[in-house]
Amino acid sequence: MSDNGNGDGGALAAGGPDDERIKKTGGLRQWLIRPELGGIVGVIAVFVFFGVLAGDSGMFNAQGIMNWSQISAQFMIIAVGACMLMVAGEFDLSVGSMIGFAGISIAMFGVVWGLPMWVAILITFAICMGVGAINGVIVVRTGLPSFIVTLAFLFILRGFTIFIPQTVENRTIIGGIEEAAEGDWLAAVFNTDLAGWLFVWLADIGVVDTFSRGTRAGEPVISGIPMLIVWAFVLVIIGHVVLTRTRFGNWIFAVGGDAQAARYVGVPVDRVKIIMFMTTAFCATVFACVQVFEFGSAAADRGILKEFEAIIAVVIGGALLTGGYGSVVGAALGALIFGVVQQGLFFADVESSLFRVFLGVILLFAVILNTYIRRIITGER
Amino acid sequence: MADPIVHMENITKHFGPVIALNGVSFDVKAGECHCLLGDNGAGKSTFIKTMSGVHKPTSGEIMFEGQKMNFASPRDAMEAGIATVYQDLAMIPLMSVTRNFWMGREPKKGFFIDFDKANSTTMSEMKKMGINLRSPDQAVGTLSGGERQTVAIARAVYFGAKVLILDEPTSALGVRQTSNVLATVDRVRKSGIGVVFITHNVRHAMAVGDRFTVLNRGKTLGTAARGEITPEELQDLMAGGQEMAQLEGSLGGTV
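Protein chains in written order, with numbering that gives the first Met the number 0: chain H, 0 to 380; chain Y, 0 to 254.
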């Protein structure tokens, strides 16, 4: 027979809802093919693991939670961009360099050249998203793999990040940002603690500790919810809604699933890809802003290896490296796993270099799991 | 008989020094299935890509419902009512049937896709084509090759195609899937859509074709209506006559 191994047209021929050749798929299997599965399992696993290992180390009191939440939120911000780009079928290896570049750019415009901080921030967003657009245009025009194009920008951006402050200021760390950003409305968007009253109240009822001495004696040790966490949540929610609920989101899946097929039905493939590169750059710049205003300084070596950490979080979150499949919520769970493990090893007093071993191992597991899930979805054997 | 929906007159297409099409004339009327036959390299693909707006002809005229047309992109041709279903590029396996069905023309409710409408329309349109989906969320990858072709055809019909171009829809399919796709072609034709059916399989063409045009080395060798030509004659025309006859003799008429 000329059956090509596709199981032939069983449903077509029988035409009834109860086709004997379609196996019943239970709820479990439906769950198995959700992209978030790996992330959910991983989150449960790391919480159980550190609950046992570091339960009494302060990791799960208010301060400890705030600690790993912030680290996770950082990962989430860049994972959102990387996830949507990966679903569109591309990578961006220049994210880490972009973070360093954006930080230095804010410091150069805002401190060294004395522009108002909000102007410096807007200029930086424009430049970085412009670089993202250049990445995208080169990829869609030349048809080169984004891997190689953005690898080039990894070096180009990092080079400029060191060269510019070195030439102008003769140093690669620029401080004084806190003073320059004093009272600036846009800087406040990246560096304010929200809902301080909540923590004052929590301190009153004894859930959160207070400082016992120093100038802030009596104040709660947590002054509010950092904008970092707010940004992470907002980006994850917007990313998730855009990807799953909107027309543009459908195009992102289509472009990553099969660019040619998408083109034939009129999806503007090139535009979608370029916008995704710009989104990734946007997320990297948000990351840089939060970091710069928190530290009060910019340094040329910031963000190294962040591109890979973002990609790993996305892959743990169930996205396929080949594009066309993935979940922003999954990527956020991947980022949470990251944050919890990185800080958890610290709380558990384990040598922190083991974090990298963990990263490598979990990456491998995630990719193998994803490949298996893809086979289930597409019915490949 | 009715005027043709699409009439292609003396189309030529050059790619640099290569002459892919060298004077091809072809038309398709409402409610007929016009088969375009030819061996590999005869220019079938180039020709349908010209018809569907992917390529611009070097010379020649494309008339659509009596008007001269100049398609700049596949989108233009689609909007005029020429839909093309490509053999392996029809569907994206990782995406659901609904998402594939509406790709590029998603129904909106405010900012968001109207999934209620999208899902129910997909289910009912697929039912019309004789496919009962388990769920509209089912990934296209879980469908068989024939079913995927049918989803693509249903999509084209739903979005108001007047001419449906099918690029070798049966060449990768098993026997039963093929007959299902051919039955779908018949159903589409009866609804008044003009079908252009590209194939190099004479038996598949004979099963549904009203007229047959053979393409060889970038030229049309002529058009014959059903009943005017035998499968053997078609086969000979496609292969360039002479050699095929000899080969067929040595293989004992099995080709």
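Heads up, the beta-carbon is just placed ideally off N, CA and C, and yes, glycines get one too.
Just to confirm my understanding: we take residue i, look at its own chain, exclude 5 residues before and 5 after, and list those with CB closer than 8 angstroms. What are they?
| i | result |
| --- | --- |
| Thr97(Y) | Phe114, Ala117, Asn118, Thr121, Pro135, Asp136 |
| Lys127(Y) | Ala153 |
| Ser68(H) | Ile228, Gly338 |
| Val328(H) | Glu35, Gly38, Val235, His239, Gly316 |
| Gly159(Y) | Gly80 |
I'd like to know whether the C-beta atoms of residue i and residue j end up nearer to each other than 9 angstroms.
| i | j | result |
| --- | --- | --- |
| Asn99(Y) | Ile91(Y) | yes |
| Ala365(H) | Gly255(H) | no |
| Ile164(Y) | Ile47(Y) | yes |
| Gly131(H) | Phe276(H) | yes |
| Met7(Y) | Ile81(Y) | no |
| Leu99(H) | Asp300(H) | At residue 99(H) the sequence reads Gly, which differs from the Leu that was named. Closer than 9 angstroms, so yes. |
| Gly322(H) | Cys82(H) | no |
| Pro34(H) | Ile361(H) | no |
| Val45(H) | Val268(H) | no |
| Gly265(H) | Pro3(Y) | no |
| Gly325(H) | Met85(H) | yes |
| Leu52(H) | Leu92(H) | no |
| Thr212(Y) | Leu20(Y) | no |
| Val79(H) | Ala280(H) | no |
| Tyr85(Y) | Glu124(Y) | no |
| Val201(Y) | Pro230(Y) | yes |
| Ala61(H) | Ile221(H) | yes |
| Ser145(H) | Cys127(H) | no |
| Gly167(Y) | Ile130(Y) | Here residue 167(Y) is Glu; the residue named in the question, Gly, does not match the sequence. No, the Cβ-Cβ distance between Glu167(Y) and Ile130(Y) is not below 9 angstroms. |
Measure the beta-carbon distance from residue i to residue j and round it to whole angstroms, keeping in mind my assumption that it falls under 8 angstroms.
| i | j | result |
| --- | --- | --- |
| Ile388(H) | Lys305(H) | Since the first residue of chain H shown is 0 and the last is 380, residue 388(H) is not available in this structure. |
| Gln342(H) | Leu227(H) | No, Gln342(H) and Leu227(H) are not in contact; Cβ-Cβ is about 14 angstroms, not under 8 angstroms. |
| Thr177(Y) | His203(Y) | 7 angstroms |
| Ser44(Y) | Thr219(Y) | With 8 angstroms as the limit, Ser44(Y) and Thr219(Y) do not qualify as a contact, their Cβ atoms being about 15 angstroms apart. |
| Trp117(H) | Ala186(H) | 7 angstroms |
| Asn9(Y) | Gly22(Y) | 5 angstroms |
| Phe177(H) | Gly295(H) | Correcting the residue type first, residue 177(H) is Glu in the shown sequence and not Phe. Sure, about 4 angstroms apart at Cβ, within 8 angstroms. |
| Cys288(H) | Phe159(H) | That pair is no contact at about 18 angstroms. |
| Ala283(H) | Met97(H) | 4 angstroms |
Helix or strand or just coil, what does DSSP make of residue i?
| i | result |
| --- | --- |
| His6(Y) | strand |
| Ile237(H) | helix |
| Ala258(H) | helix |
| Ala82(Y) | strand |
| Ser104(H) | helix |
| Thr284(H) | helix |
| Ala224(Y) | strand |
| Met77(Y) | helix |
| Ile21(H) | With a pLDDT of only 48 at Ile21(H), under 50, the local geometry of the prediction cannot be trusted, and the value read off the model is given with reservation. Looking at Ile21(H) - three-state DSSP - the assignment turns out to be coil, as it is neither helix nor strand. |
| Val195(Y) | strand |
| Thr219(Y) | strand |
| Gln66(Y) | strand |
| Val17(Y) | strand |
| Val264(H) | coil |
| Ser71(H) | helix |
| Glu168(H) | helix |
| Ala54(Y) | Here residue 54(Y) turns out to be His, not Ala, going by the sequence shown. In the structure shown, His54(Y) sits in coil (DSSP, three-state: anything other than H, G, I, E or B). |
| Thr229(Y) | coil |
| Thr11(Y) | strand |
Output, in chain order, the set of chain H residues within a Cβ distance shorter than 7 angstroms of residue i.
| i | result |
| --- | --- |
| Tyr85(Y) | Tyr263 |
| Gly103(Y) | Val264, Gly265, Val266 |
| Phe111(Y) | Arg244, Thr245 |
| Met77(Y) | Gly265 |
Can you list, in chain order, the residues of its chain whose CB lies under 6 angstroms from that of residue i, leaving out five sequence neighbours each side?
| i | result |
| --- | --- |
| Val207(Y) | Cys32, Leu181, Val184, Asp185 |
| His13(Y) | Thr57 |
| Thr169(Y) | Thr177, Val180, His203 |
| Phe346(H) | Ala53, Ser56, Met58 |
| Leu236(Y) | Val213, Leu220 |
| Ala101(H) | Thr123, Cys127, Thr284, Ala287 |
| Phe108(H) | Leu114, Ala119, Ile122 |
Under 9 angstroms between beta-carbons, which chain Y residues line up against residue i? List them in chain order, please.
| i | result |
| --- | --- |
| Ile361(H) | Under the 9 angstroms cutoff, chain Y gives no residues; its nearest Cβ is about 23 angstroms from Ile361(H). |
| Gly323(H) | Ile91, Pro92, Leu93, Met94 |
For a contact meaning CB atoms closer than 8 angstroms, what does residue i contact in chain H?
| i | result |
| --- | --- |
| Pro73(Y) | Arg262, Tyr263, Gly265 |
| Lys107(Y) | Arg246 |
For residue i, which residues in chain Y fall below 8 angstroms Cβ to Cβ?
| i | result |
| --- | --- |
| Phe252(H) | Ile91, Leu93, Met94, Arg98 |
Along chain Y, which residues have their Cβ under 7 angstroms away from the Cβ of residue i?
| i | result |
| --- | --- |
| Gly256(H) | Ile91, Leu93, Met94 |
| Tyr371(H) | Per Cβ cutoff of 7 angstroms: no residues; Tyr371(H) is ~14 angstroms from chain Y at best. |
| Asn249(H) | Arg98, Met102, Glu105, Ile112 |
Going by beta carbon distance, what residues of the same chain come within less than 7 angstroms of residue i, once the five residues before and after it are set aside?
| i | result |
| --- | --- |
| Thr171(H) | Ile161, Pro164, Gln165, Ala298, Ala299 |
| Ala253(H) | Ala261, Val266 |
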